[in-house]
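Just below is one structure, and these are the notes that go with it.
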Amino acid sequence: MMNRTTREAFLQNLQFSLDPFSTPVAEQEVRRVHSTFYDFFVEPGTSEAPLSLKSLQKPEHLILFAQPGYGKTTLRLALDAYCRTTLSPALTVSYTFSDTEEEANNLKEHGDYLANALAIDLTINIIERFNPLASPPSPEQINALKALIHMAGTKLTRTLNIIRERIITQDIDPEWGITREWERLGKAPAKYVEGSQALLSLLEELLSPPQQILEPSLESFFRGVNTAHQWKFRNILLAVDAVDTQNLPTNLILRKVIPLIDLFPQLETHNVFGKFFLPADLHDQLRTHIQTTQPNLYSRIKFITIKWQETALRALIRRRLQASTARTGRRYTSLDQLAVPDLDITTKVLKVSRGSPRRMLELIDRLIGIHLESADTELRFTHRDWEQLAREEHHTKEL
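Dropping the structure here:
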């Protein structure tokens, strides 16, 4: 059985400083490698207009459809990081249905989760953007944010207390600063933030008892939206994701999604715009529902389907190879450089991947394992490696 040391030695011999294919699932990857996750990102292709992180920030509703493994969560995480690291006037609020109970099927139930999600993401963004040399926040800004923080509960206040203690003791993570603690909230750090005395003072104010007690609700969510505007966020991007992680039937997923879609007209009046990352199975039924029940709204929603072409998948491999060798000086531009000359490994992998980036990365990951478990002394992938993968995949005819 291949062990970690063997794999690390293999990668080192090829002059990799990082493992480019060990984490094909976005949620795993962003937890494990943080900054590398962003280095690995490639904008996916679509069946409609070109898609970019900048275009996703536009003040418009967007519903994006994709098969599992096509990069919905990767795109959402990249959008969130982009807004946080570029000082965008947009605030991304991430609402993942995997964080909710199965019965959250109406606006009241959704409202509780939305309020908490906004409180956490707004707090993270304000702390990450805090400038100790700028004018301090106004009492109105602090009181409004404080009410949201205490509404969100002990997980958020405990995290802020830990950050406060780390600043006092100067126990700051050298790579990420105080933002390393976002992991406690299920979030990944996106930038380094130092623990200044001015930030310490702000945290102590925010952790003091609030003037007003809020309970999570849809009303509190909209109060939070107003608070975000007070803190100079122009638009709020409501990023809804992960509805295909529960393996629910399509009709049950629709029951969860439709109340939020029906909220779009009200969201617009507060400069909140839905960015929905949904399973492809919902495409026809959801579009029909919106067109039938809200034809005026239908014309204001952009619908996009992720469709990975071969050029985009090759670009994804190239990006990962380059990011993983950036510190060593070695330059790989194709998977073929890791194989014997006549194998044409990239074409074979792409054919079996069937347009899925996750499947493509999983195949390459398994191919590395097969190569390391073989008795072959060849450093690169061989025909024997590929034939073994073919047998395991039961795709002998196709391969």
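To convert, take the position in the sequence shown, counting from 1, and add 14; that gives my numbering. For every residue, glycine included, the Cβ atom is placed at its ideal position computed from N, Cα and C.
Distance CB(Leu251)-CB(Thr106) smaller than 8 angstroms: yes
Report the CB separation of Tyr127 from Ala118 in whole angstroms; it is logged as a contact under 8 angstroms. 6 angstroms
Thinking C-beta only, is Gln244 closer than 8 angstroms to Gln155? yes
Assuming Val254 contacts Gly288 (C-beta within less than 8 angstroms), just tell me the rounded distance between them. 7 angstroms
So, for Leu357: in the same chain, excluding its five sequence neighbours on each side, which residues have a beta-carbon less than 8 angstroms away from its beta-carbon? Asp350, Phe395, Thr396, His397 and Trp400
Work out the CA separation of Lys160 and Leu220 for me, nearest whole Å. 5 angstroms
Within 8 angstroms, strictly: CB atoms of Arg328 and Thr283: no
From Arg405, Phe144, Arg332 and Ile320, residue whose alpha carbon lies closest to that of Leu375: Arg332
Decide if Ile140 is buried, meaning its Cβ has at least 16 other Cβ atoms within 10 Å, or exposed. buried
Quick one: what does DSSP say Ala118 is sitting in, helix, strand or coil? coil
So is Gly343 buried or exposed if we call it buried at 16+ other beta carbons inside 10 Å? exposed
Whole-angstrom distance between Leu217 and Gln226, CA atom to CA atom: 18 angstroms
Confirm, please, whether the CB-CB distance from Ile275 to Ile318 is below 8 angstroms. no
Give the DSSP-derived three-state secondary structure of Val47 in the structure shown. Any reading at Val47 needs caution, since the residue's pLDDT is 47, under 50, leaving its predicted position unreliable; the model's value is listed next. DSSP places Val47 in helix when its eight states are reduced to three.
Best match in Ala202, Ala133, Thr347 and Pro263 for proximity to Leu296 [C-alpha to C-alpha]: Pro263
Determine the contact status of Thr173 and Arg198, defining contact as a CB-CB distance below 8 angstroms. yes
For the beta strand (DSSP E) containing Gly288, list its first residue and its last residue. Val286 to Pro293
Distance, Gln280 Cα to Ile181 Cα: 41 angstroms
If I measure Cβ to Cβ from Leu136 and keep anything under 8 angstroms in the same chain, skipping five residues before and after, which residues do I get? Leu105, Val107, Leu159, Leu162, Gly238, Thr241, Ala242, Trp245 and Phe247
In the structure shown, what three-state DSSP assignment does Gly191 receive? strand
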